[in-house]
Structure formats: C-alpha cells, structure tokens
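Participant: A single structure is presented below for examination.
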Amino acid sequence: MDSIYSVNIERAVLSSILFNPEELEDVLGVLKPKDFYLPAHQKIFDVMVQLHNSDMPIDEEFIRKRVDSKDVDDSILLEILSANPITNTLAYVREIKDGSVKRELATLATTIKKVAIEDEVTANEALDTVQGELYKISTDSATSELKDMNLITGDTLSYIKKMKELGNKHLIGETTGFYDLDKRTTGFNEGDLVIIAARPAMGKTALVLNMCLKNVEAGKGVIFFSLEMPAEQLMLRMLAAKTSIPLQNLRKGDMDDNQWSNLNGAFEDLNKKKLFVDDGGSVNINQLRARVRKLAQNEDNNISMVIIDYLQLMQGTGNKDRHQEVSDISRGLKMLAREMKIPILALSQLNRGLENRPDKRPMLSDLRESGAIEQDADIIMFVYRDDVYKEREEARKEKEAADKGEEYKSKFVNKPVEEAEIIIGKQRNGPIGTVKLDFQKQYTRFVDKENANDAPIEVVFESVVDTNKETNIDMPNIL
2 MDSIYSVNIE RAVLSSILFN PEELEDVLGV LKPKDFYLPA HQKIFDVMVQ LHNSDMPIDE
62 EFIRKRVDSK DVDDSILLEI LSANPITNTL AYVREIKDGS VKRELATLAT TIKKVAIEDE
122 VTANEALDTV QGELYKISTD SATSELKDMN LITGDTLSYI KKMKELGNKH LIGETTGFYD
182 LDKRTTGFNE GDLVIIAARP AMGKTALVLN MCLKNVEAGK GVIFFSLEMP AEQLMLRMLA
242 AKTSIPLQNL RKGDMDDNQW SNLNGAFEDL NKKKLFVDDG GSVNINQLRA RVRKLAQNED
302 NNISMVIIDY LQLMQGTGNK DRHQEVSDIS RGLKMLAREM KIPILALSQL NRGLENRPDK
362 RPMLSDLRES GAIEQDADII MFVYRDDVYK EREEARKEKE AADKGEEYKS KFVNKPVEEA
422 EIIIGKQRNG PIGTVKLDFQ KQYTRFVDKE NANDAPIEVV FESVVDTNKE TNIDMPNIL
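Going by the numbering used here, the first residue of the sequence shown is number 2, and it counts up by one from there.
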C-alpha cells in the first residue's frame with residue numbers, strides 16, 4: 002500500500018502550508034481534501050481551505066479551534082508542526098495526487114467486480130457505470146498549471162507563424178464543404194463544439210452529410226452517430242449527393258445503365274474512405290466518448306470530425322432532470338472535442354415557438370434547453386429555407402378555402418433548387434451573419450451559390466453594432 006499513499010509526504014505538505022500559508026494557492030490548484038489518505042489530514046486540509054476562504058490566518062491556534070479532537074488527535078497536529086520544512090512543495094503535492102488517483106482506480110476495480118458479478122444489471126448498464134466512474138476519475142485527476150507570459154507569447158508566435166505558412170488561406174480547420182462558410186468560419190477548428198440547429202424538414206441532416214462527404218473525400222476520418230436514421234438511409238442520401246442520382250430513384254432502384262455505372266464507381270470510391278457510422282439509436286456521453294477514443298487510437302483512421310444527429314436524442318446518465326442531462330451532455334461533448342483536438346458537430350432541435358413569429362428565422366433563444374448548449378458551443382448555425390414555410394402557408398390557404406367551399410389556386414412554385422440560409426448565430430472566434438447556399442432537393446444536396454467565389458461576404462462581429470459594413474475576412478498577411 003506504500004505506493005498509493007505516504008503519511009510523511011502528506012505531513013510535509015501540510016507543514017509547508019502552516020509555515021508559508023501563501024503556498025495554499027498553488028496547492029489548491031491540484032489537491033482536494035479527499036486526496037489525502039489519512040482522515041485527520043483530510044480534516045486539517047479542509048480547515049486550512051476554510052480559513053483561506055474566510056481570509057483568516059492559517060496557524061496552529063485557528064486550526065485547533067476548528068477541528069474536532071475526535072477527528073484529529075493532538076499528536077497528529079504536533080507531528081505536522083514539527084515536520085522538516087520542504088522546498089519543492091509542488092513535487093510532493095503531485096505525489097499525493099498520484100496516490101489519490103491510484104486509490105480511486107483500486108476502488109473502481111472493486112466496483113467493476115460488483116456490477117459485473119453481484120448486481121443484477123445488463124452488460125451495457127455495467128459498462129455505462131464503469132465508464133462513468135472512470136470519466137469522473139480522469140476529469141478529477143486533470144490538472145493545469147498557470148502559464149507565464151513568456152510561454153503564452155511563445156505559443157502565440159508559433160501560431161502566427163503556422164498561419165503564415167498556410168499562405169494566408171482562409172481555411173484553417175476542417176472544411177465545412179462550402180466556400181463562403183469556410184471563409185466566414187475558417188473551417189471547423191480543433192476543440193470546437195459546433196451546434197447545427199433547425200426545425201424539421203429544413204435539411205440539417207442533409208447539410209451535415211454534405212459536410213461529412215467533403216471531409217471523407219479529402220481523406221479525413223469521420224465518426225457519425227445517427228440516433229434517428231439507420232446507416233443505410235444515411236448512405237442513400239450521401240450517394241444522391243455524390244452521384245447526382247435523384248434520391249427517389251436510388252430508393253426504388255430505378256436507374257439507367259449510366260446511373261448504375263456511376264453508382265458502382267461511387268461505392269468503389271467510398272469503400273476506401275474512413276467513415277464510421279453508429280446507428281444504434283441510443284447512446285449516452287460515456288458510451289460516445291469510449292467509442293470515439295477507441296477509433297481515434299488507430300492513427301490510420303485519421304479521425305478528424307465527429308457528428309451527432311441529434312443532441313436531444315442522446316441519453317442522460319443517472320436520475321437527473323432533462324435540463325441537467327442536456328447540460329451534462331453538451332459540456333461532455335465540449336470537453337471531448339478539446340481532449341481529442343477535433344471539432345464535434347451536434348445537430349439540435351429548435352422550439353416550436355418560432356413558428357408563431359412572422360419572421361421564422363431562428364435565433365439563439367429558439368434552441369431547446371438553450372442555456373447550456375449556447376454556453377458550451379463555439380459555433381451555433383441555423384438552417385433556414387423560406388420556401389418550406391411558403392409552401393406550408395399556401396397549402397393552409399388551399400385547405401381553408403376548400404373547407405369553405407371556395408376555390409383557391411396556390412401561388413407556390415415547387416422549384417428543384419431552393420435558396421437556403423445558414424445563419425451563424427454565435428461564433429466565439431469570428432463573425433456572425435448569414436451565408437446563402439442552394440439546396441438541390443432531389444439530390445438532398447447543398448451547394449455553393451454560383452457566385453460564391455467572387456461575392457464579398459458581409460460580416461458582423463458580435464460586439465459590433467453596425468450590420469451594414471462589408472468587409473473581407475481573409476487572414477491578414479503577416480510580414
């Protein structure tokens with residue numbers, strides 16, 4: 002047991018804090034009371050923290066007043082007071098933390114045996130419990146130290162030089178698949194949590210499938226968690242977008258010889274790509290994290306993006322209200338994106354309330370359980386197609402006229418290509434605004450508008466009030 006705790010080291014750290022209370026600030030960044038092995042040491046450290054938070058002196062007298070003699074024997078306090086001073090306190094602190102994590106892992110081993118053999122639960126439930134406990138340990142053991150200005154400026158200079166090497170290109174991260182959207186966002190960058198939200202029938206799944214296709218065709222690995230649609234249906238949509246064969250023809254197998262040949266070529270090409278689909282229909286944050294990590298361990302998979310369709314279908318862990326579950330899920334996705342250093346795209350539903358507004362373009366407040374999602378997301382995009390509402394409105398008028406025995410001729414023209422708006426409602430490191438795409442309905446495909454490469458982009462930063470100013474957001478030339 003000596004490898005997972007040392008009473009002498011714990012005593013030395015507590016003694017160091019007593020003789021130099023200012024050291025507690027550094028220690029607090031790593032240790033919690035439970036990290037000490039000896040219960041009496043836990044109590045003493047907890048009292049030190051209370052005194053620190055109350056701006057009280059951390060000394061023998063104040064500690065004695067606040068510890069119960071039943072919990073802390075006087076001899077233990079005397080041993081701390083008489084311990085030899087140490088110079089490298091943080092090295093000792095890391096030893097305590099290391100032992101604490103090992104003890105928690107040992108406890109987890111007991112938990113694994115309990116849920117696997119003694120508890121009457123399914124294998125999936127047992128795995129979920131174990132993954133959840135392991136995640137708590139790994140999160141709690143993660144420590145970060147303050148960076149001084151020399152380190153920060155050095156890292157920043159390295160970043161600027163990296164951007165210069167890219168030749169002042171506007172695409173820095175993984176491509177969105179669309180020129181203007183790449184220009185507006187610089188692509189989806191490592192650690193980004195991207196929320197793509199829309200009302201039903203707007204094409205949010207089609208949009209992310211287009212994004213997915215562009216990335217796998219570029220040799221990137223993509224993991225797609227489809228909680229609503231089976232993998233075969235996703236593939237049909239992707240094939241329609243890739244081959245320009247209408248989706249309805251693919252579904253029926255109604256194709257001519259040229260289309261069959263085109264389809265076979267598409268299959269041969271896609272078979273070489275790194276797309277992984279989980280269409281199990283239900284997944285929680287612990288299961289998702291484990292599956293992403295497993296695939297990412299193999300460097301040949303080149304996992305560069307994760308897509309979840311959609312966030313509200315993810316399961317929670319434990320007995321929590323739905324608002325708290327969604328909060329845990331969005332925070333978990335953000336932490337996973339940062340850990341894996343890849344963007345994670347999560348689709349989200351919108352509240353029905355926007356249907357009652359004259360202008361039905363979505364806003365941040367329309368997000369379901371918007372508080373947690375809005376806080377954690379780096380980019381929030383909305384998909385909006387005005388023709389969807391125009392068609393519904395004309396259909397409503399036709400029905401009302403028919404109910405009254407009147408005649409009404411719909412003014413709606415069902416076009417094969419509709420204009421779509423990708424509304425950037427939040428971008429932590431860039432401008433908000435709208436990018437217009439064309440939606441080719443029969444192929445479920447979004448494409449750049451014809452003048453995309455030439456048209457200037459109107460940008461609006463969240464802190465800027467003037468929305469009429471036009472500017473170009475290419476990366477600046479660095480001399």
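Cβ atoms here follow ideal geometry from the backbone N, Cα and C, with glycine treated the same way.
Output yes or no for whether 9 Å exceeds the beta carbon distance between G222 and M341.
Facilitator: Position 221 of the sequence shown holds residue 222. Position 340 of the sequence shown holds residue 341. Not in contact: G222 and M341 (Cβ atoms no closer than 9 Å).
Participant: Could you tell me how far apart the beta carbons of R185 and I425 are, in whole angstroms, since I believe they sit closer than 8 Å?
Facilitator: On the sequence shown, residue 185 is found 184 positions in, with the first residue counted as 1. On the sequence shown, residue 425 is found 424 positions in, with the first residue counted as 1. Rounded, the Cβ-Cβ distance is 6 Å, consistent with contact.
Participant: Distance check for N302 and T112, CA to CA, integer angstroms please.
Facilitator: By one-based count along the sequence shown, residue 112 stands at place 111. By one-based count along the sequence shown, residue 302 stands at place 301. The alpha-carbon atoms of T112 and N302 are separated by roughly 33 Å.
Participant: Would you check if the stretch 401 to 420 and the stretch 380 to 389 touch, i.e. whether three or more CB-CB distances between them fall below 8 Å?
Facilitator: As far as the Cβ criterion goes, the stretch 380 to 389 touches the stretch 401 to 420, which means the pair count is three or higher.
Participant: Report yes if the CB atom of I224 is closer than 9 Å to the CB atom of D279, and no otherwise.
Facilitator: Translated into the one-based positions of the sequence shown, residue 224 becomes position 223. Translated into the one-based positions of the sequence shown, residue 279 becomes position 278. Cβ distance < 9 Å, so I224 and D279 count as in contact.
Participant: Classify F225 as helix, strand or coil using the three-state DSSP reduction.
Facilitator: Position 224 of the sequence shown, counting from 1, holds the residue named residue 225. Strand.
Participant: Does any residue of chain C have a CB that is nearer than 9 Å to the CB of I77?
Facilitator: In summary, chain C is missing from the structure at hand, where a single protein chain is found.
Participant: Just to check my reading of the structure: D181 and V436 have Cβ atoms closer than 8 Å, yes? What is that Cβ distance to the nearest angstrom?
Facilitator: By 1-based counting over the sequence shown, the position of residue 181 is 180. By 1-based counting over the sequence shown, the position of residue 436 is 435. 5 Å between Cβ atoms; contact.
Participant: So is the beta-carbon of M256 under 8 Å away from any non-hydrogen atom of the ligand HEM?
Facilitator: Among the ligands in the structure shown, none appear at all, so the ligand HEM cannot be discussed.
Participant: Where do the N-terminal and C-terminal ends of the alpha helix (DSSP H) with V483 fall, by residue?
Facilitator: Residue 483 cannot be examined here, being either before or after the span of the chain that is shown, 2 to 480.
Participant: Assuming contact is defined by CB atoms lying nearer than 9 Å, are Y444 and I196 in contact in what I supplied?
Facilitator: If you number the sequence shown from 1, residue 444 lands on position 443. If you number the sequence shown from 1, residue 196 lands on position 195. It is not a contact, given that the beta carbons lie outside the stated cut-off.
Participant: At the level of alpha carbons, what is the spacing between I381 and I433?
Facilitator: The residue you call residue 381 lines up with position 380 of the sequence shown. The residue you call residue 433 lines up with position 432 of the sequence shown. Taking the straight line from one Cα to the other gives about 9 Å.
Participant: What number of angstroms, rounded off, separates the C-alpha of R252 from the C-alpha of Y409?
Facilitator: Along the sequence shown, read from residue 1 onward, the residue named residue 252 stands at position 251. Along the sequence shown, read from residue 1 onward, the residue named residue 409 stands at position 408. Taking the straight line from one Cα to the other gives about 34 Å.
Participant: Quick one: give me the first and last residue of the beta strand (DSSP E) that D364 is part of.
Facilitator: Translated into positions along the sequence shown, residue 364 becomes position 363. Per the sequence presented here, residue 364 reads as Met, with Asp not at that position. No beta strand (DSSP E) contains M364, which DSSP labels as neither H nor E.
Participant: Alpha carbon to alpha carbon, what distance is there between I81 and D72?
Facilitator: Within the sequence shown, the letter at position 71 stands for residue 72. Within the sequence shown, the letter at position 80 stands for residue 81. Taking the straight line from one Cα to the other gives about 15 Å.
Participant: Please list the terminal residues of the continuous beta strand (DSSP E) segment that includes Q428.
Facilitator: As a first step, residue 428 is located in the sequence shown; it is residue number 427 there, counting from the start. Here the beta strand (DSSP E) through Q428 covers 418 to 428.
Participant: Identify whether D3 lies in helix, strand or coil by the three-state DSSP scheme.
Facilitator: For the purposes of this step, residue 3 is identified with residue 2 of the sequence shown, where counting begins at 1. Model confidence at D3 stands at a pLDDT of 49, short of 50, so the residue's coordinates are unreliable; what they give is reported in the following sentence. If DSSP states are grouped into helix, strand and coil, D3 belongs with the helices.
Participant: What residues in its chain sit with their C-beta under 6 Å from that of A378, if we drop five residues either side in the sequence?
Facilitator: One-based indexing of the sequence shown puts residue 378 at position 377. For A378, where only same-chain residues beyond five positions count, the Cβ hits under 6 Å are L194, I196.
Participant: For T104 and A41, I'd like the C-alpha separation in whole angstroms.
Facilitator: Counted from its first residue, the sequence shown places residue 104 at position 103. Counted from its first residue, the sequence shown places residue 41 at position 40. At residue 104 the sequence reads Arg, which differs from the Thr that was named. Taking the straight line from one Cα to the other gives about 17 Å.
Participant: Under three-state DSSP, which class holds T435?
Facilitator: Residue mapping note: residue 435 aligns to position 434 of the sequence shown, counting from 1. Strand, per DSSP.
Participant: For I304 versus L289, is the C-beta spacing smaller than 9 Å?
Facilitator: Along the sequence shown, one-based indexing puts residue 304 at 303. Along the sequence shown, one-based indexing puts residue 289 at 288. For I304 and L289, no; Cβs fall outside 9 Å.
Participant: State the Cα-Cα distance for the pair P359 and E395, rounded to the nearest angstrom.
Facilitator: Counting from 1 along the sequence shown, the entry for residue 359 is found at position 358. Counting from 1 along the sequence shown, the entry for residue 395 is found at position 394. Between P359 and E395, the C-alpha separation is close to 15 Å.
Participant: Mark A202 as exposed unless 16 or more other C-beta atoms lie within 10 angstroms of its C-beta, in which case mark it buried.
Facilitator: Within the sequence shown, residue 202 is the residue found at index 201, counting from 1. Classification for A202: exposed.
Participant: On a Cα-Cα basis, can you pick out the residue from V327, R339, E96 that is closest to L348?
Facilitator: Reading the sequence shown from its first residue, position 347 is the one you call residue 348. The residue with the shortest Cα to Cα distance from L348 is V327.
Participant: Leaving out five residues on either side along the sequence, give the residues of the same chain with a beta carbon under 7 Å from the beta carbon of N454.
Facilitator: Along the sequence shown, read from residue 1 onward, the residue named residue 454 stands at position 453. With a pLDDT of only 49 at N454, under the threshold of 50, the placement of this residue in the model should not be trusted, and no figure is reported.
Participant: Taking the beta carbon of A110 as the centre, do at least 16 other beta carbons fall within 10 Å, making it buried, or is it exposed?
Facilitator: For the purposes of this step, residue 110 is taken as the residue at position 109 of the sequence shown. A110 comes out exposed.
Participant: Quick check on the burial criterion: 16 or more other C-beta atoms within 10 angstroms. Buried or exposed for I18?
Facilitator: Position 17 of the sequence shown, counting from 1, holds the residue named residue 18. The residue in question, I18, is buried, as its Cβ has 16 or more Cβ neighbours within 10 Å.
Participant: To which residues of the same chain is V384 closer than 7 Å at the C-beta, ignoring the five residues directly before and after it?
Facilitator: On the sequence shown, residue 384 is found 383 positions in, with the first residue counted as 1. These residues qualify, in order along the chain: I197, A199, M203, G204, K205, L208, A421, I423.
Participant: Starting from Y444 and walking both ways along the alpha helix (DSSP H), at which residues does that stretch end?
Facilitator: Position 443 of the sequence shown, counted from the first residue, corresponds to residue 444. Taken as a continuous stretch (DSSP letters only), Y444 belongs to no alpha helix (DSSP H), as it is neither H nor E.
Participant: Within its chain, find whatever has a CB closer than 6 Å to the CB of L276; leave out the 5 residues flanking it on each side and keep chain order.
Facilitator: Here residue 276 corresponds to residue number 275 of the sequence shown, with the count starting at 1. Answer for L276: V217, V223, listed in chain order.
Participant: From K33 to E269, what does the alpha carbon distance come to, in whole angstroms?
Facilitator: Within the sequence shown, the letter at position 32 stands for residue 33. Within the sequence shown, the letter at position 268 stands for residue 269. Cα-Cα distance, rounded: 55 Å.
Participant: How many Å lie between G100 and K35 at the Cα?
Facilitator: Here residue 100 is taken as the residue at index 99 of the sequence shown, counted from 1. Here residue 35 is taken as the residue at index 34 of the sequence shown, counted from 1. Their Cα atoms are separated by approximately 11 Å.
Participant: What does a CB cutoff of less than 6 Å around A127 pick up in its chain, not counting 5 residues either side in sequence?
Facilitator: Counted from its first residue, the sequence shown places residue 127 at position 126. Closer than 6 Å at the Cβ level, and outside the excluded window around A127, lie V116, A117.
Participant: Considering only their Cβ atoms, is the gap separating L235 from L248 smaller than 9 Å?
Facilitator: For the purposes of this step, residue 248 is taken as the residue at position 247 of the sequence shown. For the purposes of this step, residue 235 is taken as the residue at position 234 of the sequence shown. Against a cut-off of 9 Å, the Cβ pair of L235 and L248 comes out as no contact.
Participant: Quick check: what's the CA-CA separation for G281 versus G188?
Facilitator: The sequence position of residue 281 within the sequence shown is 280, counting from 1. The sequence position of residue 188 within the sequence shown is 187, counting from 1. Those two C-alpha atoms are separated by around 29 Å.
Participant: Pull up the distance between the alpha-carbon of K405 and that of R397, whole angstroms please.
Facilitator: By 1-based counting over the sequence shown, the position of residue 405 is 404. By 1-based counting over the sequence shown, the position of residue 397 is 396. Cα to Cα, the separation comes out at about 13 Å.
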